[in-house]
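Report on the following structure.
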Amino acid sequence: MTTTPPLPIPIPPLLLSTLKIQHLPTPSFHFLHPIISPPSQRPPPLPALIATTKHRLLSSSLTVPNLLDPSTHSFPTDINNPLIRERILHIQIPVQVLDIIDIGISRGELLGNLVGERMGERRRGREVIRVVDEDDSEVGLDARDVGSLSSTAQVRNRPVTATAETETKGPFKLLLQDHKGVHVYAFTTSETCNAHPGSVQKIALPPCMQMGCKMMLLPGTRVCRGMVCIEGETCVVLGGRIEGLDREWREGWEERVRGEVERMRG
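Position 238 of the sequence shown, counting from 1, maps to 237 under numbering that gives the first Met the number 0, and the rest follow consecutively.
Shown next as structure tokens:
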């Protein structure tokens, strides 16, 4: 006598509709099954389902097989064609960020910021902020003008991380990737980075935006000469990161910028 295998647990419609409202890509049943029917326990309540699904989507690479629903759109095959002056995408396409460059700041200035942070300094306008440890509390804090152009202050109990928090505003150049692995460059301007109300964060250098951050390109997105135009009305920044990719990108950031500076100097 054979037994009938149990029917798969249906995906809660409210889960999919919530993801759609928040501009998240539709995951596949293969991806959702272990979330909606975890082993050895009852199905979690809907709020937990939504939170878990969002977290796993935003921390996974879009190129992982069976991550997204088969109906998910990708870039046209000729998306990088520079001979096409302008085209409009009439579909929504989920992408992830593999690289970001602030083209509003010189490579030399960025390198100085990165080196300064590694040495325990940060800039706030013309002020140089030196980060010191708790044990260095006896060090004097009198700030002195340097050439009447900048001053130095010391801040306690703040960790030093190589994040280059330069508070720059762009414009930015990004390298995007869709779920089929197609790469395309994108450009944004300081006026249109963060205008969409559905965005959960702004486009900026790390740590604000991390590598693997997900974005949804909405219908109406312009592509000019093979490069995507990031505009507030047609781009939703969803957040997230891919841990390994982000760590590798940060660890090599300073050396990449240093190499660019040296090549420009000849």
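In this text, a Cβ means the ideal position worked out from N, Cα and C, and glycines have one as well. Only a predicted model underlies this, so the values are computations on that prediction, with no experimental measurement involved.
For LYS53, the enclosing alpha helix (DSSP H) has its first and last residue at 45-57. Judged by DSSP secondary structure, ASP245 falls within the alpha helix (DSSP H) whose first and last residues are 242-250. Nearest Cα to PRO11 within the set GLN21, ARG41, LEU45 and PRO26: LEU45.
Counting every other CB atom within 10 Å of its CB across the protein chains shown gives GLY169 a total of 16 or more, marking it as buried. For the pair VAL256 and LEU23, the CB atoms are not nearer than the 7 Å cut-off. Of the other Cβ atoms in all chains shown, fewer than 16 fall within 10 Å of the Cβ of GLN40; this residue is therefore exposed. For LYS213, the enclosing beta strand (DSSP E) stretches over residues 213-216. A straight line joining the alpha-carbon of GLY119 with that of LEU113 spans about 10 Å. In this structure, the beta-carbon distance from GLY211 to GLN95 falls below 7 Å.
Counting only residues of its own chain and dropping the five nearest sequence neighbours on each side, MET208 has a CB closer than 7 Å to the CB of VAL96, ILE99, GLN200 and ILE202. In this structure, the beta-carbon distance from SER27 to LEU67 falls below 7 Å. The beta carbon of GLY251 sits closer than 7 Å to none of the beta carbons in its chain outside the five residues before and after it. For VAL114, the enclosing alpha helix (DSSP H) stretches over residues 106-117. With a contact defined as Cβ atoms closer than 8 Å, ASP177 and SER70 miss out at about 14 Å. Assignment of GLU232 by DSSP, reduced to helix, strand and coil, places it in the coil class. Here THR188 carries a coil assignment [DSSP, helix/strand/coil]. PRO205 sits in coil when the DSSP states are folded into three classes, being neither helix nor strand. Of ARG264, VAL260 and LEU48, the smallest CA-CA separation from ILE104 is found for VAL260. If the five residues before and after PRO81 are omitted, its C-beta is found closer than 7 Å to the C-beta atoms of ARG224 and GLY225, all from its own chain and listed in chain order. Partner residues in the beta bridge of GLY238, as assigned by DSSP, are LYS213. The residues LEU57, SER58, GLY211, CYS212 and LYS213, in chain order, have a CB closer than 7 Å to that of GLY239 in the same chain once the five nearest residues on each side in sequence are set aside. Annotation for PHE171: no alpha helix (DSSP H) segment contains it, though the beta strand (DSSP E) segment containing it runs 171-176. Taken through DSSP and simplified to helix, strand or coil, ILE20 comes out as helix. No residue range can be given for LEU82, since it is assigned to no alpha helix (DSSP H) and is classified by DSSP as neither H nor E. Excluding the 5 residues flanking it on each side, LYS19 has same chain C-beta neighbours closer than 8 Å at THR25, in chain order. When DSSP states are grouped into helix, strand and coil, PRO26 belongs to the strand group.
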